[in-house]
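Colleague:
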Amino acid sequence: MTNDPLKAAWQQAKLPAHDDLSGLMRTRGGHPVMSRIRRQLILEGGCYILFLLVYYDFFDGHNRPLYLNIILVLSVACMLVQHVNGYLLAAGQLKAPDIVQSLQQKVRQLKQYAWLSVGSRILGWCGILLFFCSGIRWTTPKYWLLAGAGIIMAIQMVLLWQLWQRRINRINDTLLALKE
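Every position in the sequence shown, counted from 1, becomes a number in the numbering used here once 117 is added.
1. Tell me which residues share the same chain as V201 and place their Cβ nearer than 8 Å to its Cβ, disregarding the 5 neighbours each side in the sequence.
2. Give the secondary structure of E297 by DSSP, where H, G and I count as helix, E and B as strand, and everything else as coil.
3. Classify F248 as buried or exposed, calling it buried when 16 or more other Cβ atoms lie within 10 Å of its own Cβ.
4. Give the list of continuous beta strand (DSSP E) stretches no shorter than 3 residues that lie fully inside the region 242-282.
5. Is G244 buried or exposed, if buried means 16 or more other CB atoms sit within 10 Å of its CB?
6. Between the region 278-287 and the region 211-219, do three or more beta carbon pairs fall short of 8 Å?
7. Between V224, P122 and M196, which has its C-alpha nearest I288's C-alpha?
8. Pick helix, strand or coil for G209, following the three-state DSSP scheme.
9. Could you pull the start and end residues of the alpha helix (DSSP H) that D215 belongs to?
10. Just the Cα atoms here: how many angstroms apart are P258 and C250?
11. At the level of alpha carbons, what is the spacing between A231 and A125?
12. I need the boundaries of the alpha helix (DSSP H) containing P182, first residue and last residue.
13. Determine, using beta carbons only, whether V193 and Y173 come nearer to each other than 9 Å.
14. Assuming contact is defined by CB atoms lying nearer than 9 Å, are S234 and G209 in contact in what I supplied?
15. Taking only three categories from DSSP, how would you classify A130?
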């Protein structure tokens, strides 16, 4: 028994049932953001798999060396695994005992994933370019075209890295505000 009425009311409070919003989200397919991520994963994954099913005939995979076919398949698989890993990271629940530790853990996970995301895309696109650029008779216009594609991909990777840094910095700002 306590003399503090607020503390007594807190101790006597009943926890709300988890059947309201969380049950509704479980029955309808989850959080709307997770539904969009899952839809994007299914669409992009389907496109990657479709590409792998048709590249051998459509892009003369049978006329190229085995190592180039393996590099192409591994490159596309690398990007597909990266997307699945991102979905699992977004779907993962916070497991630390308090919000500050949970956010610190999430920041560490996001930093690792940012490196994985950018790195897997670079490796994936390099493998795809290697497959499609082999066997080409190179001329000056084709070199310029390759340089343009390289510049566009480099800009995309820088923008992707900046996007991840903004996300991480936003969580770090929240973490600093909670610590103060």
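Every residue gets a Cβ at the ideal spot worked out from N, C-alpha and C, and that includes glycine.
Since the structure is predicted, the reported quantities are computational estimates derived from the model, not experimental observations.
Modeller: For this structure:
1. As a working note, residue 201 is residue 84 in the sequence shown. Cβ within range, chain order: L158 and G162.
2. By 1-based counting over the sequence shown, the position of residue 297 is 180. Residue state, collapsed to three classes: coil.
3. Translated into positions along the sequence shown, residue 248 becomes position 131. Classification for F248: buried.
4. Fully enclosed beta strand (DSSP E) runs of no fewer than 3 residues are not present anywhere in the region 242-282.
5. The residue labelled residue 244 in the question sits at position 127 within the sequence shown. Counting Cβ neighbours within 10 Å, G244 comes out buried, since at least 16 surround it.
6. Segments in contact, no.
7. For the purposes of this step, residue 288 is taken as residue 171 along the sequence shown, with counting starting at 1. I288 has its Cα closest to that of V224, out of V224, P122 and M196.
8. Locating residue 209 in the sequence shown gives position 92, counting from the first residue. G209 falls in the coil class under three-state DSSP.
9. As a position in the sequence shown, residue 215 is number 98, starting the count at 1. Counting along the chain, no alpha helix (DSSP H) covers D215, and no H or E run does either.
10. Working through the sequence shown from its first residue, we reach residue 258 at position 141. Working through the sequence shown from its first residue, we reach residue 250 at position 133. Put simply, the backbone Cα of P258 is about 14 Å away from that of C250.
11. Counting from one through the sequence shown, the residue named residue 231 turns up at place 114. Counting from one through the sequence shown, the residue named residue 125 turns up at place 8. Each residue's alpha carbon lies about 46 Å from the other.
12. Indexing the sequence shown from 1 puts residue 182 at position 65. P182 -> no alpha helix (DSSP H), and no H or E assigned at all.
13. Counting from 1 along the sequence shown, the entry for residue 193 is found at position 76. Counting from 1 along the sequence shown, the entry for residue 173 is found at position 56. The answer is no: Cβ separation not under 9 Å.
14. Counting from 1 along the sequence shown, the entry for residue 234 is found at position 117. Counting from 1 along the sequence shown, the entry for residue 209 is found at position 92. Not in contact: S234 and G209 (Cβ atoms no closer than 9 Å).
15. The residue given as residue 130 occupies position 13 in the sequence shown. A130: coil per DSSP, three-state reduction.
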